[in-house]
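A.B. asks: My questions all concern the structure below.
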Amino acid sequence: MQAGDIVAAIDLGTSRTAYAYTVVGREHIWLGVPDSPDDDRNVERKTLTAVLMQRCDEDEAEGGWRVAGFGDTAEEDYLTAKADEAEEDRGSLVLFKFFKMELYQGGREQRARMDVDEPTAKAVGGEVLPMIFVVSKAIEYIKNQILDRVSMIAQEDDARLMWVVTVPAIWSNFGKRFMRAASHRAGLIADENDMQGLKLCLEPEAACLAVESSNQGVGSWHPGDKIMVLDCGGGTIDITSHLVESSDPLQLSELAEPCGGAWGSSIVDTRFKAFLQACEEFFDNASGGMTRLEGTHELFAVTVEWERQKTRLARGASLRVSIGDIADLLELSPREIEELRKLHNDPKPKELHVGGTRRNLVLPPALVESFFRGAITAIKDEVATQLSTPDLHDLCYIYMVGGFCASPLLQDAIREEFDDPGRDLKVVVAPRPGLAVVTGAALFGARGTGAFVSRKARLTYGVRGSRRFDHNDPEHVCREEQAVVLGDGSRVLHYFRPVVEKGGDVPVGHVVEKPLVPMHEAQVFVGLHLLVTRQEAVLYLKDMGVLVQEIASVRVPVDHAVPLRERGVEVRMEFGGTEIAVSCYKQHDGDKLLDAKVDFLEDFDPGALEGDVDGDDHRNTNGVYDGEDEPNPSPYSR
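If you're matching positions, the sequence shown starts at 187 in our numbering and goes up one per residue.
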């Protein structure tokens, strides 16, 4: 990127969404949210990740659906339309919320997916659409709004536009590949493998750049200092830790594998909704049926007010909930509401009693704080686990970012547990924590990736090699049943050849090259399997207890227009970046092969999955014979 070029970043979060854009060479970053007229000076929080889709003719929109709205107003528009539409029109509008969690750890079915078209998104009313269709349509909708705004600030007619899309640090390679594929289908890039036109940015790393840019405590950073970014969003918690290699220019190396879990603010929402459901049971008894309340504006208004207040609630604060509209809908008198309140309170300790007068409920501090307790405890436990590791004993800063970190209850809990002047550890809440990720994502694109110089490998990556079966080798003889017969009648044993080892420091841009050579004249494809394992000292793939998982496969057509000896292909795998990049080149002339097919599989729990990575056809699956040499591990493995 050069001065005058434009970077546009999309932070399509699990629960909330925003975008940002900037001109390379200028300091200002413009912020925006979909379907909002506000300019960046008035953007204080992200909008809901809610996609309203309308059924239409196939000719009108690909797939028979179009995006009719996005964000805070989408749910209200949906409820209004559902209340007004005729019975025969039901189903013409569907609302998708919280759908991105389907990309975390196998989704609803808790299984590894093999294709980006496999995951599905379930709408509020039960309608199911392909997940990638919903996500790509949402990105396309946001893209078009960004382009309208970017056109007003572009200073050069030939200015290039780079896109940045954020992803959680704890996502698998499959989740990252999914977002790249969805962005491609949304029109952000013409070639799915265009790593320059679209960059994926890890959310806590983006926030780290935003923190550095805002000078929040950064003035005291020195080479050798260690920092942690605690990114608490709506769906997941992401934690990354970095060593400051240089403060000018900023260079950071990763100290530990990203960690976290599904402990975002949605856990708090679930607890609050459980309370509402308990109230609904009392209303149900009083009104003779709750079906009148479900999916209504009255109930929606309560959840909107909760969303507005939840990240403002401080310790010792009560929460006032107006139920006047619900009472009117269910035709409940003030006396009946008071009777219901008493019925709710009688079996509970006094500190959990719900107060209020007439048409209001006042939730006591103990009840309010109970909604937050599970999520906060899980977050504290994870941070404590990280701090117990030797590499993080002398941590200097914990930076709190993400929308959930706006909560005073969470801030106080983290400060009380970890802010420790005695060990020079300081907890810092980023300014506008909910916008730190999207702001940093724009910086990530404008500055380039130079701030992050190395990352920890969270798994051991390797490829499958083949060794000629040797009757004189005891190691081979005891594994004779594992030998695979090739097309020429010879036998081989398949082994695991590591290229990057778990826990190793992998420099950004570290390239591993692997030659693929067709074994006979009739071979149509050559291929390679990228494998992962959490185990140490894995060698022969068929040994008892060996657990490996295939996470990527490369399939390249053989060029029969050249002699057999010139049909080799070189596969280049780039590690250390936000995502693994795979490209293929002809060995005889170095030209890049655009028709090479690379598929990423989900690797959400490699230690628990045991599959046959060899496949059924052993003749051409690998397409390369490695001979008798020992594996040649990466110099960056340890």
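By construction, the Cβ of each residue, glycine as well, lies at the ideal position given by its N, Cα and C atoms. Quick caveat, the model's predicted, so the values are computed rather than measured.
1. Residues in the same chain with beta-carbon distance under 8 Å from glutamate 666, minus the five sequence neighbours each way, listed in chain order, please.
2. Can alanine 513 and serine 504 be called in contact, C-beta distance under 9 Å?
3. Looking only at C-alpha atoms, which of Leu279, Phe319, Arg720 sits nearest to glycine 311?
4. Under 8 Å Cβ to Cβ from glutamate 491, same chain only, skipping five residues before and after it: list those, please.
5. Taking the alpha helix (DSSP H) that threonine 266 belongs to, which residues open and close that run?
6. Using 10 angstroms around the beta-carbon of alanine 723, count the other beta-carbons present and answer buried if the total reaches 16, otherwise exposed.
7. With a floor of 3 residues, list each beta strand (DSSP E) that falls wholly inside the region 660 to 725, ordered by position along the chain.
8. In whole angstroms, give me the CA-to-CA distance for phenylalanine 458 and phenylalanine 558.
9. Whole alpha helix (DSSP H) runs in the region 563 to 624 with 4 or more residues, listed along the chain?
10. Excluding five sequence neighbours on each side, which residues of the same chain lie with their C-beta closer than 8 Å to the C-beta of isoleucine 192?
11. Rounded to the nearest angstrom, what separates threonine 235 and leucine 198 at their Cα positions?
12. Please report how far the alpha carbon of glycine 608 lies from the alpha carbon of leucine 441, in whole angstroms.
13. For the region 366 to 374 against the region 538 to 557, do three or more pairs of beta-carbon atoms, one drawn from each stretch, fall closer than 8 Å, so that the two count as touching?
14. Below 6 Å CB to CB, which residues in the same chain sit around threonine 646 once its five sequence neighbours on both sides are set aside?
15. What does the alpha-carbon distance come out to for the pair serine 201 and proline 316?
16. For the beta strand (DSSP E) containing alanine 392, name the first residue and the last one.
17. Just to confirm my understanding: we take aspartate 729, look at its own chain, exclude 5 residues before and 5 after, and list those with CB closer than 7 Å. What are they?
18. In this structure, does DSSP put glutamate 273 in helix, strand or coil?
19. Compute the beta-carbon to beta-carbon distance between aspartate 424 and proline 444, rounded to the nearest angstrom, for a pair I have assumed lies under 8 Å.
20. Any idea what DSSP makes of aspartate 798, helix, strand or coil?
21. Assuming contact is defined by CB atoms lying nearer than 9 Å, are isoleucine 196 and isoleucine 413 in contact in what I supplied?
22. Which same chain residues, not among the five before or five after glycine 383, have their C-beta less than 6 Å away from its C-beta?
23. How should glycine 588 be labelled, buried or exposed, when 16 other C-beta atoms within 10 angstroms of its C-beta is the threshold for buried?
24. Take serine 593 as the anchor and find which of Cys394, Phe285, Gly481, Arg501 has the nearest alpha-carbon.
25. Sorted by chain position, which residues of the same chain lie with C-beta nearer than 8 Å to valine 554's C-beta, five sequence neighbours on each side aside?
26. In angstroms with no decimal places, state the Cα-to-Cα distance between arginine 753 and valine 624.
27. Just the Cα atoms here: how many angstroms apart are arginine 527 and lysine 496?
28. If distances are taken between C-alpha atoms only, which option among Gly421, His746, Asp411, Asn330 comes closest to leucine 289?
29. Return the bridge partner residues of aspartate 785 from the DSSP annotation.
30. I'd like to know whether the C-beta atoms of valine 768 and alanine 738 end up nearer to each other than 9 Å.
31. Roughly how many whole angstroms lie between the Cα atoms of asparagine 658 and proline 354?
C.D. replies: Concretely, from the data shown:
1. If you number the sequence shown from 1, residue 666 lands on position 480. Same-chain partners within the cutoff: Phe655.
2. Locating residue 513 in the sequence shown gives position 327, where the first residue counts as 1. Locating residue 504 in the sequence shown gives position 318, where the first residue counts as 1. Going by C-beta atoms, alanine 513 is not nearer than 9 Å to serine 504.
3. On the sequence shown, position 125 is the one that residue 311 refers to. Closest by alpha carbon: Leu279.
4. Numbered from 1 along the sequence shown, position 305 holds the residue referred to as residue 491. The residues are Val507, Ser508.
5. Along the sequence shown, one-based indexing puts residue 266 at 80. Counting along the chain, the alpha helix (DSSP H) containing threonine 266 begins and ends at 258 to 270.
6. On the sequence shown, residue 723 is found 537 positions in, with the first residue counted as 1. By the neighbour-count rule (16 or more Cβ atoms within 10 Å), alanine 723 is not buried but exposed.
7. 677 to 686, 691 to 693, 696 to 702, 711 to 719
8. In the sequence shown, counting from the first residue as 1, residue 458 sits at position 272. In the sequence shown, counting from the first residue as 1, residue 558 sits at position 372. Phenylalanine 458 and phenylalanine 558: Cα-Cα distance of roughly 9 Å.
9. 594 to 604
10. In the sequence shown, the residue the question calls residue 192 occupies position 6. Excluding sequence neighbours, isoleucine 192 sits near Tyr207, Thr208, Val209, Val210, Val336, Ile339, Ala340, Ala345, Arg346, Leu347, Met348.
11. Here residue 235 corresponds to residue number 49 of the sequence shown, with the count starting at 1. Here residue 198 corresponds to residue number 12 of the sequence shown, with the count starting at 1. If you take the alpha carbons of threonine 235 and leucine 198, they lie about 7 Å apart.
12. As a first step, residue 608 must be located in the sequence shown, where it is residue number 422. As a first step, residue 441 must be located in the sequence shown, where it is residue number 255. Taking the straight line from one Cα to the other gives about 22 Å.
13. no
14. Indexing the sequence shown from 1 puts residue 646 at position 460. The answer, listed in chain order, is Pro684, Glu687, Lys688, Thr719.
15. If you number the sequence shown from 1, residue 201 lands on position 15. If you number the sequence shown from 1, residue 316 lands on position 130. Cα to Cα, the separation comes out at about 19 Å.
16. As a position in the sequence shown, residue 392 is number 206, starting the count at 1. Note, alanine 392: premise wrong, no beta strand (DSSP E); alpha helix (DSSP H) at 389 to 400.
17. To locate residue 729, count along the sequence shown from 1; it is residue 543. Cβ neighbours of aspartate 729 beyond the five flanking positions: none.
18. Numbered from its first residue, the sequence shown carries residue 273 at position 87. Its pLDDT being 49, under 50, glutamate 273 is placed unreliably in this model, and the value from its coordinates should be taken loosely. Three-state DSSP puts glutamate 273 in a helix.
19. Start at 1 with the first residue of the sequence shown, and residue 424 comes out as number 238. Start at 1 with the first residue of the sequence shown, and residue 444 comes out as number 258. About 6 Å; that satisfies the 8 Å criterion.
20. Along the sequence shown, read from residue 1 onward, the residue named residue 798 stands at position 612. Summary for aspartate 798: the model assigns pLDDT 39, below 50, so the residue's position carries little reliability, and this model does not support an answer.
21. Within the sequence shown, numbered from 1, the residue matching residue 196 stands at position 10. Within the sequence shown, numbered from 1, the residue matching residue 413 stands at position 227. Their beta carbons are not under 9 Å apart, which means isoleucine 196 does not touch isoleucine 413 by this criterion.
22. What you label residue 383 is simply residue 197 of the sequence shown in a count that begins at 1. Here the set comprises Ile375.
23. Sequence index remark: in the sequence shown, residue 588 carries index 402 (1-based). Buried, because 16 or more other Cβ atoms sit within 10 Å of the Cβ of glycine 588.
24. Numbered from 1 along the sequence shown, position 407 holds the residue referred to as residue 593. Considering only alpha carbons, the answer is Arg501.
25. Taking the first residue of the sequence shown as 1, we reach residue 554 at position 368. Leu499, Ala503, Ser504, Leu505, listed in sequence order.
26. Counting from one through the sequence shown, the residue named residue 753 turns up at place 567. Counting from one through the sequence shown, the residue named residue 624 turns up at place 438. Looking at the two C-alpha atoms, the distance is approximately 45 Å.
27. Here residue 527 is taken as the residue at index 341 of the sequence shown, counted from 1. Here residue 496 is taken as the residue at index 310 of the sequence shown, counted from 1. Roughly 22 Å between the two C-alpha positions.
28. Counted from its first residue, the sequence shown places residue 289 at position 103. Taking only the C-alpha atoms, the option nearest leucine 289 is Gly421.
29. As a first step, residue 785 is located in the sequence shown; it is residue number 599 there, counting from the start. Paired residues: Ser739.
30. Counted from its first residue, the sequence shown places residue 768 at position 582. Counted from its first residue, the sequence shown places residue 738 at position 552. Cβ atoms of valine 768 and alanine 738: closer than 9 Å.
31. As a first step, residue 658 is located in the sequence shown; it is residue number 472 there, counting from the start. As a first step, residue 354 is located in the sequence shown; it is residue number 168 there, counting from the start. Taking the straight line from one Cα to the other gives about 50 Å.
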